[in-house]
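Visitor: Quick one: structure below, then a few questions.
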Amino acid sequence: MLLKNSVGRKGVNNKSDVKLIQEALNRVIRIPYALLAVDGISGPVTIAAIERFQRQALKFNNTDGRVDVDGKTWLSLKRYLVDSPNKKTAMFSLFPISPSNDLKKQVAITRKKIAWGAKVSGAFKEKVIQICESLDLAPDYLMSCMAFETGETFSPSIKNAAGSGATGLIQFMPTTAKGLGTSTEKLAKMTAVEQLDYVKKYFTPYRNKLKKLEDVYMAILYPAAVGKPITHVLFSEGRKTYSQNKGFDANKDGKITLKEISVKVRQKYEKGLSKGYLG
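Numbering (the numbering used here), first residue to last: 932 to 1210.
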């Protein structure tokens, strides 16, 4: 897990390097619904996030919007890939600012940690990282959605308590399983690592479309909402789908938005990045 070239304004911006920086910046950001797409594209939003980190976390007087291999921005930012910061504000999760000399003395980081990685096997974690790399998907997002769908168990055999027949890591419905060339019965007998092959198969049609945490969750729950803004209304009063999800209508206005229904997944995301869960 090394940054090979510069990222950001006037940087080299190799895709793998940009994705690494985007993942690290997302560990810093605590503003709901402001997470970066982990797409390997160093666009205006990513550059603005780098500048914001330099200005507000590192207290730079002059920001350049670039992360250099041996620069203070990377030396500070890479800590977020292997540890959970203690200080949290309304906007950021932060480590104390360290002198550059102290940062350079840190042991080289070779393997990043991911959300909920401490709660799964090494084989499971590595396979998730590989799958997400091939799908241009943030591992933290997928892990958080699987944590939510399985009640934090990551069990391949867990079934939906409401009796829908949904089973496993992303709660495959019987019809969905059939479309993937298997069945919920077969999925339930697989190991978690084996079932990840079907998780990948399920998400493959959405490659390059899952830009935010909510998109990953919607791909599981309500695919028609993938790519929609957080204000998008999913379910309205008077319909069965609204009744089934009524508890998510936070302001009781008879409408359930993408923002409202994704609150619990966002909570799993934040929990998964905390100490004892990041791994």
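We put the beta carbon where it would ideally sit given N, CA and C, even for glycine.
1. Considering only residues of the region 954 to 1017, which uninterrupted alpha helix (DSSP H) runs meet the minimum length of 4 residues and lie entirely inside it, listed in chain order?
2. Under a three-way DSSP split, which group does Ser947 fall into?
3. Does the beta-carbon distance from Leu951 to Ile960 come in below 7 Å?
4. Check whether the Cβ atoms of Leu1012 and Ala955 sit closer than 7 Å, and answer yes or no.
5. Identify, in the order they occur along the chain, each residue of the same chain with its Cβ nearer than 7 Å to the Cβ of Pro1087, setting aside the five sequence neighbours on each side.
6. Determine the extent of the beta strand (DSSP E) in which Ile1060 is found, giving its start and end residues.
7. For the alpha helix (DSSP H) holding Leu1118, just list the boundary residues, first then last.
8. Can you list, in chain order, the residues of its chain whose CB lies under 6 Å from that of Ser1209, leaving out five sequence neighbours each side?
9. Taking the CB atoms as reference points, tell me whether Gln953 and Val976 lie closer together than 7 Å.
10. By DSSP, does Thr1106 sit in helix, in strand, or in coil?
11. When you compare each of Gly1048, Leu1111, Pro1136 to Asp1067 by their alpha carbons, which one comes out closest?
12. Quick check: Gly939 and Ile978, are their CB atoms within less than 7 Å of each other?
13. In this structure, how does DSSP classify Leu1165 when only helix, strand and coil are distinguished?
Guide: The relevant details are as follows:
1. You should have 975 to 983, 1003 to 1008.
2. Here Ser947 sits in helix by DSSP.
3. The answer is no: Cβ separation not under 7 Å.
4. Yes, the Cβ-Cβ distance between Leu1012 and Ala955 is below 7 Å.
5. Counting only Cβ-Cβ distances below 7 Å, and skipping sequence neighbours, we find Gly1099, Leu1100, Leu1118, Ala1119, Met1121, Thr1122, Ala1123, Gln1126.
6. Element bounds for Ile1060: not the beta strand (DSSP E) but the alpha helix (DSSP H), 1053 to 1066.
7. That run of the alpha helix (DSSP H) goes 1115 to 1120.
8. According to the sequence displayed, residue 1209 carries Leu and not Ser. So the list reads Ser1015, Lys1044, once near-sequence residues are dropped.
9. Not a contact, by the Cβ cut-off of 7 Å.
10. Thr1106 falls in the helix class under three-state DSSP.
11. Distance check between Asp1067 and each of Gly1048, Leu1111, Pro1136 places Pro1136 closest, using alpha-carbon atoms only.
12. In this structure, Ile978 lies closer than 7 Å to Gly939 by Cβ.
13. Leu1165: strand per DSSP, three-state reduction.
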